[in-house]
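Asks: Dumping the structure here so I can ask a few things about it.
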């Protein structure tokens, strides 16, 4: 009898703890499923989580995150299943790795809303793209963020630049093209002689840290490159390692403010992930959900920008950035966003581009 009473007390305590967390019968109303990284990855997971958490805290919504056991479509779907069983009304999935899982989940759970950050639902063979009304895909104008990074670098006095991309997917290409165009415009504004800015340009073909990527960056730095825009996930860690070893060299990070990754990070071209998730949740709860159509967020709607809070620019100031940001928002510059052409096809006149393919 005593054992039975003890079990009842323990069960009651557990229920009261859940109730205290605001769970009740509905579970967690908002959920995020992480990709390969952790919730504090200083990248897509963390940025998206911060936006979800901010909205949830401000509007008294319960929330939780789920971490898949491995980086496969099946594991992502299992984590989504857990979130749905946990009571989620809206599930945030950060990154293009969720494009295929969401293609399947959107039909399996028509009553659940999905926010797909930086991607659009499609089949595994890319043959079919389709977005149901319960999915809000969010894409970004990476070319604007890259443009601001290249512009700031030249205005800051750098003349020997590098762009190290990861896989040559459209988003990475747009970052690189924007970077080259921003450098070109800044050089013209400063009245520099044609060819004053040099740009080493390459795609590694992956998103992994590797000895090859570090050796390539080290070679660029040794040959005189001053700052490299590292736009390829963990490829950036290889570039940072090369900059640290070289001494006096710099890196521009990508997607989120990567200042904490290395002392060599001078700034970052950012997608405002937290803002994006917050906006999507706000649209859902204000009955302005635009599922079925893709948002393309840019500087005008706080979708992209440069990291300035922890920036280490030598002369490029917050005031300079605000002026640049407003100009981009006002469409004062024509920024090519085509990802199906090469960087040498952009018609740049003040940048000597050397494409490295090895």
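Residue numbers (my numbering): -6 to 351.
Each residue gets a CB set at the ideal place from its N, CA and C atoms; glycine is no exception.
This structure is a prediction, so every number in the text was calculated from the model and none was measured.
Among residues of its own chain, excluding the 5 on either side of residue 90, which ones have a beta-carbon nearer than 6 Å to its beta-carbon?
Replies: Within the chain shown, residue 90 is the residue found at index 97, counting from 1. Hits under 6 Å: 28.
Asks: Name, in chain order, the residues that DSSP records as bridge partners for residue 345.
Replies: For the purposes of this step, residue 345 is taken as residue 352 along the chain shown, with counting starting at 1. Beta-bridge pairing links residue 345 to 191.
Asks: Where residue 46 and residue 95 are concerned, what is the direct C-alpha to C-alpha distance, given to the nearest angstrom?
Replies: As a working mapping, residue 46 is identified with position 53 in the chain shown. As a working mapping, residue 95 is identified with position 102 in the chain shown. Rounded to whole angstroms, residue 46 to residue 95 spans 22 Å at the Cα level.
Asks: Cutting at 6 Å between CB atoms, please list the residues of its own chain near residue 43, excluding the five before and the five after it.
Replies: Within the chain shown, residue 43 is the residue found at index 50, counting from 1. Cβ neighbours of residue 43 beyond the five flanking positions: 267.
Asks: Among the residues of its own chain, which have a CB less than 8 Å from the CB of residue 123, if the five just before and after it don't count?
Replies: Within the chain shown, residue 123 is the residue found at index 130, counting from 1. Excluding sequence neighbours, residue 123 sits near 96, 114 and 115.
Asks: State the CB to CB distance for the pair residue 87 and residue 41, rounded to an integer number of angstroms; the pair is presumed to be in contact (CB under 8 Å).
Replies: If you number the chain shown from 1, residue 87 lands on position 94. If you number the chain shown from 1, residue 41 lands on position 48. Yes, they are in contact, since the Cβ atoms of residue 87 and residue 41 sit about 4 Å apart, within 8 Å.
Asks: Please state whether DSSP places residue 248 in a helix, a strand or coil.
Replies: Within the chain shown, residue 248 is the residue found at index 255, counting from 1. Residue 248 falls in the strand class under three-state DSSP.
Asks: Near residue 21, which residues of its chain fall below 7 Å by C-beta distance, leaving aside the five closest residues on each side in sequence?
Replies: Taking the first residue of the chain shown as 1, we reach residue 21 at position 28. 55, 56, 57, 79, 80 and 81.
Asks: Taking the alpha-carbon of residue 342 as reference, which of 178, 156 and 76 has the nearest alpha-carbon?
Replies: Here residue 342 refers to the residue found at position 349 of the chain shown. Of 178, 156 and 76, the residue nearest in Cα terms is 178.
Asks: Would you mind sorting residue 264 into buried or exposed? The rule is 16 or more other CB atoms within 10 Å of its CB.
Replies: Taking the first residue of the chain shown as 1, we reach residue 264 at position 271. Per the 10 Å Cβ criterion, buried.
Asks: Unbroken beta strand (DSSP E) runs of length 3 or more, entirely within the stretch 156 to 212: which are they?
Replies: Segments of the beta strand (DSSP E) lying fully in the stretch 156 to 212: 190 to 196.
Asks: Using 10 angstroms around the beta-carbon of residue 127, count the other beta-carbons present and answer buried if the total reaches 16, otherwise exposed.
Replies: As a working mapping, residue 127 is identified with position 134 in the chain shown. Buried: at least 16 other Cβ atoms inside 10 Å.
Asks: Residue 223 lies in the beta strand (DSSP E); which residues open and close that run?
Replies: The residue you call residue 223 lines up with position 230 of the chain shown. Start and end: 220 to 224.
Asks: Comparing alpha-carbon positions, which option in 224, 220 and 238 lies nearest residue 145?
Replies: Counted from its first residue, the chain shown places residue 145 at position 152. Minimum Cα distance to residue 145 is reached at 220.
Asks: With a cut-off of 8 Å on the beta carbons, I'd call residue 289 and residue 132 a contact; round off their distance for me.
Replies: Within the chain shown, the letter at position 296 stands for residue 289. Within the chain shown, the letter at position 139 stands for residue 132. Yes, residue 289 and residue 132 are in contact; Cβ-Cβ is about 5 Å, under 8 Å.
Asks: Going by alpha carbons, who is nearest to residue 352 out of 161, 277, 36 and 204?
Replies: Here the chain comprises residues numbered -6 to 351, so residue 352 is not present and cannot be evaluated.
Asks: Distance check for residue 196 and residue 205, CA to CA, integer angstroms please.
Replies: As a working mapping, residue 205 is identified with position 212 in the chain shown. As a working mapping, residue 196 is identified with position 203 in the chain shown. Distance between the alpha carbons of residue 205 and residue 196: 12 Å.
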